[in-house]
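For what it's worth, the UniProt record's numbering labels the leading residue of the sequence shown as 1, then goes sequentially.
This report refers to the structure that appears directly beneath it.
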Amino acid sequence: MNVSPLPALPVQSVAVAPVRTTQAPVIADPSQTTLPPVNEGSAALGSARSPDEQGRAQREQSQAEQLRAQQEQEAQEAKVRDQQDAEQQQKDQQEISRLSARDAEVRAHEQAHAAVGGQYAGAPSYTFKRGPDGRSYAVAGEVSIDASPVNGDPEATLAKMQQVLRAALAPAEPSSADLRIAAQAQAALTEARAELAEKNRNEQVQAQEQREADRLAAEEDDQQRQQDREQSERLTRSPFDLTLYRRLSALSPAEGVGFSAEA
Numbered sequence: 001m002n003v004s005p006l007p008a009l010p011v012q013s014v015a016v017a018p019v020r021t022t023q024a025p026v027i028a029d030p031s032q033t034t035l036p037p038v039n040e041g042s043a044a045l046g047s048a049r050s051p052d053e054q055g056r057a058q059r060e061q062s063q064a065e066q067l068r069a070q071q072e073q074e075a076q077e078a079k080v081r082d083q084q085d086a087e088q089q090q091k092d093q094q095e096i097s098r099l100s101a102r103d104a105e106v107r108a109h110e111q112a113h114a115a116v117g118g119q120y121a122g123a124p125s126y127t128f129k130r131g132p133d134g135r136s137y138a139v140a141g142e143v144s145i146d147a148s149p150v151n152g153d154p155e156a157t158l159a160k161m162q163q164v165l166r167a168a169l170a171p172a173e174p175s176s177a178d179l180r181i182a183a184q185a186q187a188a189l190t191e192a193r194a195e196l197a198e199k200n201r202n203e204q205v206q207a208q209e210q211r212e213a214d215r216l217a218a219e220e221d222d223q224q225r226q227q228d229r230e231q232s233e234r235l236t237r238s239p240f241d242l243t244l245y246r247r248l249s250a251l252s253p254a255e256g257v258g259f260s261a262e263a
């Protein structure tokens, strides 16, 4: 078997780039190592992304920033609401304390009127206000008091007005209406005292006149008795001797008295 030799291939020369070796610098202090900034890396990475990827990344970043801003706003609003709720609770508590104190003051005030006024005072009535806690508190009240005088009886008027005056001034801090009732009772007291004084003077005059009439009547009686005694004494001293008549009336019938004539 004859083998023919292969044709010889032309040999081309290949240029080989020279290889330059560099030696890494020796770092004495590891802490002095300098790395590129992250944003530079991100920018470099972003430059390597496609436009769609970059747009999506920007949208995600924008959404994240919006969500973070919304969360911060909600947190701020919640903080404001909590602060407002705390302030409102404080105001409500202050209002409840004020209404509670007013309720106690009003009830004590009106009950003092009713207790001292007795039969001349009516039952207390109140005006209520609902508090933040839902309860009703008395914020005003009144007690009706009869301050009219007793007609024709100054003594009864005097006693009544004294009680009315005490009832009007019974609370620790009388109101202007209480002071008006007290002034009205005081005026009725003054008038009743004047009427009572006039009545006493009239009674004294009548008593004096009665005593004078009784004295005159007693003197007339004394004079009459004196006259009767004098008249009786005059009759006793009469010149007629009644001894004979007394003796004749004492004689028995057998000893009859009469005259006889003999012929």
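C-beta atoms are modelled at their ideal positions from N, C-alpha and C, and glycine is treated no differently.
Small disclaimer: the values here were computed from a predicted structure and weren't measured.
According to the DSSP assignment, Val150 belongs to no beta strand (DSSP E), since it is labelled neither H nor E. Scanning its chain for C-beta atoms nearer than 8 Å, with the 5 sequence neighbours on each side dropped, one finds around Val150 the residues Ala156, Thr157 and Lys160, in chain order. The beta carbons of His113 and Val143 sit about 4 Å from each other, so the pair counts as a contact at 8 Å. Taking C-alpha positions only, Asp85 is separated from Glu72 by approximately 20 Å. With respect to the 8 Å criterion, Ile96 and Asp153 are not classified as neighbours on the basis of their beta carbons. The beta carbon of Leu169 sits closer than 6 Å to the beta carbons of Ala182 from its chain, once the five residues preceding and following it are set aside; these are given in chain order. When the Cα atoms are used, Gln61 and Asp52 turn out to be separated by approximately 14 Å.
Sixteen is the threshold: when 16 or more other Cβ atoms of the shown chains lie within 10 Å of the Cβ of Asp103, as they do, the residue is buried.
At a cut-off of 3 residues, the continuous stretches assigned as beta strand (DSSP E) that sit fully inside the stretch 64-146 are 125-130 and 136-142.
Taking the C-beta atoms as reference points, Tyr126 is found no nearer than 8 Å to Gln163.
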